[in-house]
Structure formats: C-alpha cells, structure tokens
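Protein chains in written order, with our numbering: chain A, 8 to 288; chain B, 110 to 265. Backbone N, C-alpha and C define an ideal beta-carbon position, used for all residues, glycine too. In what follows, a structure is listed as structure tokens, so that the remarks can point back to it.
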C-alpha cells in the first residue's frame, strides 16, 4: 500500500499528519497540504479529522447509552441493555472505590471519559491504511482516524479535568485553604516559596501527565502499526508474512493497551477530583 | 505536536458530552438499577416469607391431622362404650320383661289353681252332701245344717 509514496519516511509522515482546515497566508480558507502549510495557518485552524471522528464516536456512545437509559426498567435486561448496565455498574464501583465525597458530576464524567476514550482508542485497531485510502479516493489528502493520537484531543479533556480540579479545590477548601495546601506543604511555613514551586509543579503535572500519557501511548502504538504496515510494501514474501503476524500480535496486545489507557485516564480523573474535594488535609 | 483551535473544539465537545451524560444517561440508568436492586431483594424476602409460610402451614396441617385422628379415636371409643351400654340396657330390660311375664303367668296359674280348688271343693261338698243324703236316706235340712256344711267346706 505504501507503493504510491516516494519513500517510507514520506509514508510515515503522511500517516501522522492531520487533515487541517484553516486560513492560508494569502487569506483564502481551505485544507492544508503538508506540514509547512499547517505551520503557516497558526493556532486558528482546526483538525477536521480529529473533530469528526471524536464527535462521531462521542455521539455513538451517547446514542447507545441514551437508548439504554430510555429503555431502562426493573425487568430483566437483555442484549445491549445488559452491556450498558454492566458498564454503569463498573464505573459506579470505581467511583465509589476512589471518590469519598458526594458529587453527582463525578460518575457521569468518569463514564464519558472511559467510554469515549475507549472508542477513540479503538479506531487504532482498524488497519492504518483502509480509511485514509478510501478518503483519498474522495479527494481528502490527509486523514488520521485515531483522535487520541492528536494531542489537541487529549489536552482538551485533561485541561477540562484540570479546570474542574481547580474549581472543586477552591469550592471545597476555600481560596485560603487551597493556597495553604500549596504553600505550607511539604516544608514548614518559612520555606513558602519552595513549597509553592514544588506544589505548583505537582499541580501542573496533573493535566500534562494525564494528556501526554494517553497521547504518547496511542501515538506510539499507531507508529508501530505504521511501521508494521511498511513491511507489506516489499510484495509477498517472508517480510509480508512476518508483518502480518506482527500486526496480529500487536493488535491483540493493543486491545489491552487501549482499555488500560482509558481506564487510567478515568481513574486518575476520579482520584484528582477526590483529592480536590478533600477538606481535611 | 502542534496545537490549534481543535483544543478549544475538543474542550467544548467534552463539556457537552459530559453534560448530556450527567443529565440524560446516568440518572435514569442508576435509578433503574437501584429500583431493580430493591425489587430483587424484595422478591428474595418474599420467597423466604413464602417458604416460612409453607413450613408453618405444613406444621399446622400435621397438627390438625393428629388432632383429627385423636378425636376420631375418642369418638370410636365413645361409640363402642355407648353400644355396650345399649346392649346391656337391652339385656336388662329384656330380663325385666321376662320376669314380669313370668310373675304374671305365675299369678295367673295360682289364680286358676285357687279357682279350680274352690270349684273342686264345691263339687266335693255337693258330692259329700249328696252322699250323706243317700246315706241318711232322708233329706237333710239344708238350712238347719248350713253351718255344719260350711264348716265342712272350709275343712276341705
């Protein structure tokens, strides 16, 4: 499949480029062709593929769960209903286990994070070339189908979580209490500046690590899929067969990774919010 | 890594999704699950109650069965006793009746014997008188000798 590219480096680069819509330097609006044009568009451009797939998958999640919620009754559940209720109970257990306070936001937040990220990660298991190839037939130059390999997506979520952490910290502890937590810890009061720097870094590290962990894992996974796909370029032979085996193995292993990453993101979100809501520190 | 407006778009999308989930998905599902929990535990309790009731009923049934058997036995005993009594009474009354009949018969016989004896006595006196008349060949003044005759009659 990589035959139409000049070399493998171009193939990889092409697969790691988003479909970006923005304003060209000459003032016209349109899709960017290549990394240089993306750079020229600056901040006010948008990754159409990331948005499309993430919103689509999010809507799929909401549609499935909303349908189950409408049909929810005390009768014995069947099929999809059963699965949805299993998910709800799993999330509810996780929240009950990690979050000590009472907050109606945390459980739905955790559910959204887990299922949405899982679905977005799941796109990674679709062979890397299929959908971009279909899109190229329609004249779309670039397409990245795994939204979580776009840092914009992971940071969008982790920063929202970070805002919630700040909001609940101030709300539950009061501005003074929140400041005290940052300033009088872990060293005594007279070393306040050092405390502030240390705790500030800890605080900032939360959203950054949350976003980068997910992005890094999925980006690396995608990269490996692309490298394996490169092995098919030599035509049918030993490389082709071993590439197939590798892809199968990596895909099976990846099932674990995508679930685990979604679970980690969710659990850490719950834990961060729990830490923010704790008043006795 | 290049950041652009997708970050903002993602944030807004995320907030909308969480809001939707919090408003329309989580509460109804959670409520349904809790209701089902309550219903199941109710059902289990009802089943247990039912079993308890069944055991109680069985105990009651065997109790009343025992009572009924006992009562039946008592009734049979009483009936037997009563039957014996009736037989005894019948025997007694039969014996009484027999005695009465015997007594009546004896009285009757006695009376007849007395009557016969009286009759015989009278016959004898008449025969004696006739004999005496013949012996004496003369008429005996019946009036004059009435007391003698009565004395004779009394002696026989």
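Beta-carbon proximity list for residue i, same chain, < 8 angstroms, skipping 5 on both sides
i                      : result
residue 138 of chain A : 150 and 152
residue 8 of chain A   : Unreliable positioning characterises residue 8 of chain A in this predicted model, as indicated by a pLDDT of 42, which lies under 50. The coordinate reading is nonetheless provided below. Around residue 8 of chain A: 136, 140, 236, 239 and 240.
residue 132 of chain A : 258, 261, 262 and 265
residue 249 of chain A : 238
residue 78 of chain A  : 88
residue 230 of chain A : 19 and 23
Unbroken beta strand (DSSP E) run spanning residue i, endpoints
i                      : result
residue 191 of chain A : Segment: none, residue 191 of chain A is in no beta strand (DSSP E) and carries neither H nor E.
residue 27 of chain A  : 27 to 30
residue 38 of chain A  : 36 to 38
Contacting residues, own chain, Cβ-Cβ under 7 angstroms from residue i (five flanking each side not counted)
i                      : result
residue 280 of chain A : 106, 113, 171, 172 and 175
residue 194 of chain A : 201 and 202
residue 278 of chain A : 105
residue 10 of chain A  : Any reading at residue 10 of chain A is ruled out, since the residue's pLDDT is 47, under 50, leaving its predicted position unreliable.
residue 336 of chain A : No answer is possible for residue 336 of chain A: the residues shown for chain A start at 8 and end at 288.
Residue i - partner residues in DSSP beta bridges
i                      : result
residue 125 of chain A : Answer is none; residue 125 of chain A lacks a bridge partner.
residue 3 of chain A   : What is shown of chain A runs 8 to 288, which leaves residue 3 of chain A out entirely.
First through last residue of the alpha helix (DSSP H) which encompasses residue i
i                      : result
residue 216 of chain B : 135 to 245
residue 89 of chain A  : 86 to 105
residue 255 of chain B : 255 to 264
residue 209 of chain A : 199 to 237
residue 240 of chain A : That residue, residue 240 of chain A, is in no alpha helix (DSSP H); it is neither H nor E in DSSP.
residue 20 of chain A  : 15 to 22
residue 43 of chain A  : 42 to 48
residue 295 of chain B : Shown here, chain B extends from 110 to 265; a query on residue 295 of chain B therefore has no answer.
residue 138 of chain A : 137 to 144
Minimum Cβ-Cβ distance from residue i to chain E less than 8 angstroms
i                      : result
residue 146 of chain A : The structure shown contains no chain E; its protein chains are A and B.
Own chain, CB closer than 6 angstroms to residue i, minus 5 neighbours either side, in chain order
i                      : result
residue 19 of chain A  : 233
residue 199 of chain A : 190
residue 213 of chain A : 279
residue 254 of chain A : 235
residue 256 of chain B : none
residue 193 of chain B : none
residue 108 of chain A : 284
residue 210 of chain A : none
Practice prompt. Count the CB pairs spanning the stretch 153 to 168 of chain A and the stretch 221 to 237 of chain A that are closer than 8 angstroms, and state whether there are at least three.
Written response: At 8 angstroms Cβ cutoff, the stretches touch.
Fill in: Touch test, the stretch 170 to 180 of chain A against the stretch 275 to 287 of chain A, Cβ-Cβ under 8 angstroms, three pairs minimum
Taking 8 angstroms as the limit for Cβ pairs, the verdict is that the stretch 275 to 287 of chain A does touch the stretch 170 to 180 of chain A.
Worksheet item: Is the number of C-beta pairs between the stretch 179 to 194 of chain A and the stretch 254 to 262 of chain A that are closer than 8 angstroms three or more?
Response: No: fewer than three Cβ pairs fall under 8 angstroms.
Worksheet item: Should the stretch 234 to 244 of chain A be called in touch with the stretch 118 to 125 of chain B, which here means at least 3 C-beta pairs below 8 angstroms?
Response: No, the stretch 234 to 244 of chain A is not in contact with the stretch 118 to 125 of chain B.
Item to complete: Answer yes if the stretch 83 to 98 of chain A comes into contact with the stretch 109 to 128 of chain A, meaning at least three C-beta pairs across the two stretches below 8 angstroms, and no otherwise.
Response: The answer is yes - the stretch 83 to 98 of chain A touches the stretch 109 to 128 of chain A, with three or more Cβ pairs under 8 angstroms.
Fill in: the stretch 126 to 146 of chain A contacting the stretch 62 to 82 of chain A, beta-carbon criterion three pairs below 8 angstroms
The way I'd put it, the stretch 126 to 146 of chain A does touch the stretch 62 to 82 of chain A; three or more beta-carbon pairs between them come closer than 8 angstroms.
Discussion item. Can you confirm whether the stretch 86 to 93 of chain A touches the stretch 146 to 162 of chain B when touching is taken to mean that 3 or more C-beta pairs between the two stretches lie within less than 8 angstroms?
Written reply: With the cut-off at 8 angstroms, the stretch 146 to 162 of chain B and the stretch 86 to 93 of chain A do not touch.
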